[in-house]
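Residue numbers (the numbering used here): 302 to 923. Glycine residues also receive a C-beta, built at the ideal position from the N, C-alpha and C atoms.
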C-alpha cells in the first residue's frame, strides 16, 4: 500500500484543532486509568476524531484577527498570562512561507505569535478537549484481551531506553485523594491502547463475539466450491488483463465489452478480488475516456475536504496493519540513537503531512537521561493542485508545538513548500553543532525518474544528491516496494495488479468482515483506489505514483554518493517480536542484506533502510 503517507499514508493531514467549549473549566479527574508506553500517533488521531466543532474552528483559524475573536480571547489571555507555564525558552515556533524565484526557494520568516494567538488558544483547546473526551472512555475493565505477552522493556547494552513494544504487566494507577492533573501525553495514553488488534477494540471484539454466529450462518448458507471460487478470481484477473490490452491498443469496442463484464462481477463491498477489480476497472474506464487526471484529482480533493472521515479509515489501518507502525518505530528509534549524548537535533523531514510520527520521538527525547535536546524540525512538502499545504503545515506546527511544550522539549518548526528537487542544502540553515537526520517515509515515491531533457539530471538524483550534500548523521529511507513505474502501460498494469492483489487480500483478511464496513471502504477508496487510478489512467507528469523496487533504490542511492548503514540488531529484533506477537500471522518481516522488508504472504510491499553520506564517493555533480 502506504503510508502515507501518502507517510505510506502521506495524504493524511489533520483538520485544525477546534476551541473547546470547556476551555475555562477546571481539569477533571479520571479515577483508575491505564498508562501505556507505546506510540502516540493513534492517540492524536482519536482526539481529532472526537472534535465536533470543526466549522467553528475554521472560522477561528481563518480570521484570527477578527475584532470579535480578539475581544473574546482577552479574558483567556489574562488567565494564561497569569497561570501559563512554558517548560523551555526554545518553544517559539517558526513557519516559513517560501516564495519561488527562478527555481529556488526563498524563505520568509513569519513573526512568532503572542500568548493571545490562535496557537495558544488551540493549545488550551487541545488539552481540554482531550480531558473531556477522556471522561467518556472505558476504564481498565473495558476491552480486555486474554493474550499474554513477554516483557517489552528495551535494555540495550545495559542502558534502559524508552520501550517500543507493549509491556505484559499493565500498571494500573489508582488515584486516591486529590485530583491528578493530566498532561497531554498522559491523556493521550488514556485515549487508546495502540497495539495490534487491541488498538481497534470496537471492531475486533465485534469480530470475536460474532464468530459463532458467523459460523452458524456459514453452515446454513449454500456452499460455493473452492474450485468455483478460484475460477471466479482467475476469471476476473483474466478479464482485467484482456481489458488492459484492449485499452492499450485503443480497441474501444472490445474494451467496453470487457469493462461491462468486469463491472457485473465486481463491487466495492465484495471480496478482495471483487474490490480490486472494481477500482482497476474504474481506472481503465477513465484511461479509455481520457479523464484519468480529473478522476484522480477529484478523489484527492475529496479526501482532504473530509479529512475527519478519512482519519477513521487511517485509524483502522494503523490498528490492524503493521506496516506504518513498524516504519515509524524504525525511523524514530534510529533518530533517537543518532542524537544520543548530544544537545541539538535537526530533523529534515520530506513530507510535512500530519505530524503523527513525532509525538512518540518527542516523548523518548523528553525521558532520556540528561534531559531532552533542542529539536529543530524542517518539513519539506510539494505543492499539490487544489490543496493548501501552507495551512496543513500550520496545523502540524500547532500540534507538535503543543506536544513538545507539554513534554518540556525545546522545539522549533519550519516548513518549506516547494518541489522536492528544487530544495538545496543551503536552504536548510544547517548548523554543524546539531545532529542532522533526514527522514523519508515513502514520500520519494512521487519523484520522477526521468529528466525533462537529455542534459538534465532527473529529479530523484537531484534530491538524493541534496541529501548527500547535507551530510546527515543518518538518512532514514522507507520505500514502497512497488515495481510498477514502467513507462510501458501493459507492463505497469501487470506489475500493479500483482502488487495490489496482495494489498486488497491483506485488508480483507485483517479488517472487519462486514461488507458495508464504512471505514474499510473509505480507506480502500481514498488510498488504494486513488493510487490505482493514477497508475492506470494517467501518463506523463499527471502520473505521480512512481514507486520502484528497493534494489533499484539501493543502486540509485549509492550512485548519488550515499553509503548504506547496517541494521541495528536490537531494533530489528524488537520490531520482529512486535509483528509476531501483535499482528496477523501472514505479515512478514525479514532482512535482505541491510534492508528490513515488510510484506504479506511472502510478497514484499515495503522496505526500510538507513544511509549516510559517503565522502569517499560523494563526487557526483548536483
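#1: Can you give me the C-alpha to C-alpha distance between residue 410 and residue 679, rounded to a whole angstrom?
#2: Thinking C-alpha only, which one of 545, 662, 619 is nearest residue 794?
#3: Compute the Euclidean distance between the alpha carbons of residue 912 and residue 889, then round it to the nearest angstrom.
#4: Near residue 898, which residues of its chain fall below 6 Å by C-beta distance, leaving aside the five closest residues on each side in sequence?
#5: Using a Cβ-Cβ cutoff of less than 6 Å, which residues in the same chain neighbour residue 900 once the five nearest sequence positions on both sides are dropped?
#6: Going by DSSP in three states, residue 740 sits in which element: helix, strand or coil?
#7: Do the stretch 574 to 592 and the stretch 831 to 839 touch if we need at least three Cβ pairs shorter than 8 Å?
#8: Would residue 802 pass as a contact of residue 573 if the rule is Cβ separation under 9 Å?
#9: Classify residue 691 as helix, strand or coil using the three-state DSSP reduction.
#10: Would residue 876 pass as a contact of residue 640 if the rule is Cβ separation under 9 Å?
#11: Throw me the rounded Cβ distance for the residue 865 and residue 910 pair, which I believe falls under 8 Å.
#12: Say whether the stretch 843 to 857 touches the stretch 608 to 616, bearing in mind that this needs 3 or more beta-carbon pairs closer than 8 Å, one atom from each stretch.
#13: What separation, rounded to the nearest whole angstrom, lies between the Cα atoms of residue 651 and residue 849?
#14: Taking just the CA atoms, how far does residue 737 sit from residue 685?
#15: Do residue 663 and residue 705 have their CB atoms nearer than 9 Å?
#16: With a threshold of 16 other CB atoms inside 10 Å of the CB of residue 870, please say whether the residue is buried or exposed.
#17: Alpha carbon to alpha carbon, how far is residue 633 from residue 884? Give it in angstroms, no decimals.
#18: From the beta carbon of residue 688, is the nearest beta carbon of chain C less than 9 Å away?
#19: Pick helix, strand or coil for residue 772, following the three-state DSSP scheme.
#20: Taking the C-alpha atoms as reference points, what is the distance between residue 760 and residue 804?
#21: Which residue comes first and which comes last in the alpha helix (DSSP H) that contains residue 837?
#22: According to DSSP, simplified to helix, strand and coil, what is residue 751?
#23: Which residues does DSSP pair with residue 631 in a beta bridge?
#24: Please go through the same chain and pick out, in chain order, the residues whose beta-carbon is closer than 6 Å to the beta-carbon of residue 697, but skip the five residues on each side of it.
#25: Within 10 angstroms of the Cβ of residue 881, are there 16 or more other Cβ atoms? Answer buried if so, exposed if not.
#26: Please check the pair residue 807 and residue 622, which I expect to be a contact at CB under 8 Å, by giving their CB distance rounded to whole angstroms.
#27: Whole angstroms is fine: what's the gap from residue 879's alpha carbon to residue 809's?
#28: Indicate the three-state DSSP secondary structure (helix, strand or coil) for residue 646 in the structure shown.
#29: From the DSSP secondary-structure annotation, give me the bridge partner or partners of residue 677.
#30: If you count every other CB in all the chains shown that lies within 10 Å of the CB of residue 914, and 16 or more means buried, which is it?
#31: Just checking my contact of residue 682 with residue 731 at CB under 8 Å: how many whole Å lie between their CB atoms?
#32: Roughly how many whole angstroms lie between the Cα atoms of residue 694 and residue 617?
#33: Please state whether DSSP places residue 904 in a helix, a strand or coil.
#34: Measure the C-alpha to C-alpha separation of residue 773 and residue 648 and round it to an integer number of angstroms.
#35: Helix, strand or coil for residue 746 per DSSP?
#36: If we ignore side chains and look at the alpha-carbon of each, how far apart do residue 643 and residue 724 end up?
So, from the data block:
#1: With a pLDDT of 38 at residue 410, under the threshold of 50, the modelled position of that residue is not reliable, and the figure given next carries that caveat. Near 13 Å, if we compare the C-alpha coordinates of residue 679 and residue 410.
#2: The shortest C-alpha separation from residue 794 is found at 545.
#3: Rounded to whole angstroms, residue 912 to residue 889 spans 23 Å at the Cα level.
#4: Within the same chain, residue 898 has close Cβ partners 891, 905, 908.
#5: 889, 906, listed in sequence order.
#6: The DSSP-derived three-state label of residue 740 is strand.
#7: The stretch 831 to 839 and the stretch 574 to 592 touch, with three or more beta-carbon pairs separated by less than 8 Å.
#8: Going by beta carbons, residue 802 and residue 573 fall inside the 9 Å limit.
#9: In the structure shown, residue 691 sits in a helix (DSSP, three-state: H, G or I).
#10: Not closer than 9 Å, so no.
#11: Right, the Cβ-Cβ distance comes to about 6 Å (below 8 Å), so this counts as a contact.
#12: Contact check between the stretch 843 to 857 and the stretch 608 to 616: fewer than three CB pairs, one atom from each, fall below 8 Å, which does not count as touching.
#13: Rounded to whole angstroms, residue 651 to residue 849 spans 18 Å at the Cα level.
#14: Spanning the two alpha carbons is a distance of roughly 27 Å.
#15: Against a cut-off of 9 Å, the Cβ pair of residue 705 and residue 663 comes out as a contact.
#16: Around the beta carbon of residue 870, a 10 Å sphere encloses fewer than 16 other beta carbons of the protein chains shown; the residue is thus reported as exposed.
#17: Their backbone Cα atoms lie some 20 Å apart in a straight line.
#18: The chain labelled as chain C is not found in the depicted structure, where only one protein chain is given.
#19: It is coil, neither helix nor strand.
#20: If you take the alpha carbons of residue 760 and residue 804, they lie about 28 Å apart.
#21: Residue 837: member of the alpha helix (DSSP H) spanning 831 to 838, first to last residue.
#22: Looking at residue 751 - three-state DSSP - the assignment turns out to be coil, as it is neither helix nor strand.
#23: DSSP output for residue 631 lists no bridge partner at all.
#24: Short of 6 Å from the beta carbon of residue 697, and not among the five residues preceding or following it, lie these beta carbons of its own chain, in chain order: 653, 656.
#25: Residue 881 should be labelled exposed.
#26: About 7 Å; that satisfies the 8 Å criterion.
#27: Spanning the two alpha carbons is a distance of roughly 22 Å.
#28: The answer is strand: DSSP assigns residue 646 an E or B state.
#29: Partner(s): 647, 713.
#30: Around the beta carbon of residue 914, a 10 Å sphere encloses 16 or more other beta carbons of the protein chains shown; the residue is thus reported as buried.
#31: With 8 Å as the limit, residue 682 and residue 731 do not qualify as a contact, their Cβ atoms being about 19 Å apart.
#32: Spanning the alpha carbons of residue 694 and residue 617 requires a straight line of approximately 24 Å.
#33: Secondary structure of residue 904 (DSSP, three-state): strand.
#34: Between residue 773 and residue 648, the C-alpha separation is close to 10 Å.
#35: Under the three-state reduction of DSSP output, residue 746 falls in the helix class.
#36: Those two C-alpha atoms are separated by around 27 Å.
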